[in-house]
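**Q** Numbering (this note's numbering), first residue to last: 202 to 344. Cβ atoms here follow ideal geometry from the backbone N, Cα and C, with glycine treated the same way. Owing to the predicted nature of the structure, the values given are computational and were not obtained by experimental measurement. Questions regarding the structure given below will be posed in turn.
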Amino acid sequence: PLLANLPADLRALALDMNRLTLEAIPEDARMPANLEKLTLQENRITDRGAVQLAGLLPANLVSLFLANNAIGDMGAQALSTGLPANLEVLVLNGNRIGDRGAAWLAEGLPGRLAQLYLDSNAIGDTGAEALLANLPANMRTFQ
């Protein structure tokens, strides 16, 4: 099964441009504790997959790339509760996140986050305002 038998000392995992949904991850699945970079761009991850993923993100994760999937507001809500405190880069452009999802994300942005990419979603004025009101102090890039 997916995520089984990954090396414990794995620091980066890239599974871009596949057909992953992450909807059938076993309950006992774990990400390597030392994983710092996870990139799952251009897959088929929906809200259900994002919910599964949110519960697996390791505390040492620094960069999370989820661009060009099908993550909507509910997935954004789940991610907002599971983002590690050490996260510095969050890439969610090209998904289906709207104002509600943006507001949930805004509430859960880690204080160390320096780069946030949300372009090409369905975020309007309300969602943008919520995000702008909650950007961490060290934010360098916000799109």
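Kindly provide the ranges of any alpha helix (DSSP H) runs that are 4 or more residues long and lie completely inside the segment 229-285, ordered along the chain.
**A** With a minimum length of 4 residues, the continuous alpha helix (DSSP H) runs that stay inside the segment 229-285 are 248-255 and 274-283.
**Q** Secondary structure at residue 222, three-state DSSP: helix, strand or coil?
**A** Residue numbering aside, residue 222 sits at position 21 when the sequence shown is read from its first letter. Coil.
**Q** Write down every uninterrupted run of the alpha helix (DSSP H) in the segment 288-322 whose length is 4 residues or greater and which is fully enclosed by it, in chain order.
**A** Runs of the alpha helix (DSSP H) inside the segment 288-322: 300-309.
**Q** Report yes or no: do the segment 329-341 and the segment 266-279 share at least 3 C-beta pairs separated by less than 8 Å?
**A** The segment 329-341 is not in contact with the segment 266-279.
**Q** In the DSSP assignment, what residue or residues form a beta bridge with residue 332?
**A** Within the sequence shown, numbered from 1, the residue matching residue 332 stands at position 131. For residue 332, which the question treats as bridged, DSSP gives no partner whatsoever.
**Q** Following the continuous beta strand (DSSP E) through residue 338, name the residue where it begins and the one where it ends.
**A** Locating residue 338 in the sequence shown gives position 137, counting from the first residue. That residue, residue 338, is in no beta strand (DSSP E); it is neither H nor E in DSSP.
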